[in-house]
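A.B. asks: What the sequence shown shows, in this note's numbering, is residues 17 to 76, in sequence order.
For glycine and all other residues, C-beta sits at the position ideal for the given N, C-alpha and C.
Model, not experiment: these values are computed from the prediction.
Following this message is one structure expressed as structure tokens.
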Amino acid sequence: MSVNKIVMKILKEDIRNRIVTAARNEFIKNGFRKTSMRTISAKSGVVLGNIYKPVGGIKM
17 MSVNKIVMKI LKEDIRNRIV TAARNEFIKN GFRKTSMRTI SAKSGVVLGN
67 IYKPVGGIKM
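Structure (structure tokens):
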């Protein structure tokens, strides 16, 4: 695996972890229904439009 692919994989994992951590903290603090994607975006430092891709979306 090339260095670039390794770096990209690490960055993707970091972004995913930041999103999941921010979401978990907001769900604990405000509850599922009162937590917005905008808040998760702001707390994680990830642009709103990029949140869905690293996490894989919501499966119902």
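Just to confirm before moving on: does the CB-CB distance between Ala38 and Ile26 stay below 8 Å?
C.D. replies: No, Cβ-Cβ distance for Ala38 and Ile26 is not below 8 Å.
A.B. asks: With C-beta atoms as the reference, is Met53 less than 8 Å away from Ile44?
C.D. replies: No; because the gap between Cβ atoms is not below 8 Å, this pair is not in contact.
A.B. asks: Over the uninterrupted alpha helix (DSSP H) stretch that includes Leu27, give me the two end residues.
C.D. replies: Counting along the chain, the alpha helix (DSSP H) containing Leu27 begins and ends at Val19 to Asn46.
A.B. asks: What would DSSP say about Thr51, mapped onto helix, strand or coil?
C.D. replies: Of the three classes helix, strand and coil, the one that applies to Thr51 here is coil, per DSSP.
A.B. asks: Grouping DSSP H, G and I as helix and E and B as strand, with all else coil, what is Ile56?
C.D. replies: Helix, per DSSP.
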